[in-house]
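Notes follow the structure.
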Amino acid sequence: MAGGRLTTHVLDTTQGKPARGMRLELHYVHGDHTHHIADSYTNADGRVDQPLLEGEQFQQGEFEIRFHVGQYFERIGVEIETPFLDVVPIRFTISEDTHYHVPLLVSPFSYSTYRGS
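So the mapping is simple: this note's numbering equals the position in the sequence shown, first residue as 1, plus 310.
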């Protein structure tokens, strides 16, 4: 599989804008454990500068993106009396040689995702 790619986009629904500077990790899931593939940070548009997977790295299988939302909200100065979300894991399967886009809409207390385009 060499034609597909994996991208992401994070929107801060509390502020109604892209989540700039959020740390994320990509892991390959193998049975009951994971293998770390990459670390990245979102840019001013809430996206990573390069696809998380593409070319020869792109393969079928189960993956997980871990979004460090607690760290992000703390860094931008959102005061939360009782913190709730810390690391949000989104686990998904790549089964085709195509573009997979996994966006995250997030606030300090909730999140949503979908398979984008």
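The beta-carbon is built from N, C-alpha and C at its ideal position, and this holds for glycine as well. This one's a predicted model, so the numbers in the text were calculated from it and none came from an experiment.
Start-to-end residues for the beta strand (DSSP E) that takes in residue i
i    : result
R330 : Element bounds for R330: n/a, residue is neither H nor E.
P413 : 409–416
Residue i: first and last residue of the uninterrupted alpha helix (DSSP H) it sits in
i    : result
Y382 : 379–385
Collapsed DSSP secondary structure at residue i in the structure displayed
i    : result
G371 : strand
G426 : strand
V388 : coil
D349 : strand
Straight-line gap, residue i to residue j (C-alpha atoms, nearest Å)
i    : j    : result
T408 : T317 : 11 Å
R401 : E374 : 4 Å
S417 : G365 : 33 Å
P399 : L336 : 10 Å
Y351 : D359 : 8 Å
I404 : D322 : 26 Å
F419 : F383 : 11 Å
L363 : I390 : 34 Å
H345 : L334 : 14 Å
K327 : F394 : 21 Å
M332 : F377 : 7 Å
Beta-ladder partner(s) of residue i, from DSSP
i    : result
P393 : Partner(s): none; P393 has no beta bridge.
L316 : L363, Y410
A354 : None, per the DSSP bridge assignment.
Cβ-based neighbour list, residue i, same chain, cut-off 6 Å, excluding 5 preceding and 5 following
i    : result
Q367 : none
Heavy atom of the ligand ADP within 6 Å of residue i beta-carbon
i    : result
E384 : Annotation note on the ligand ADP: not contained in the displayed structure, which lists no ligands.
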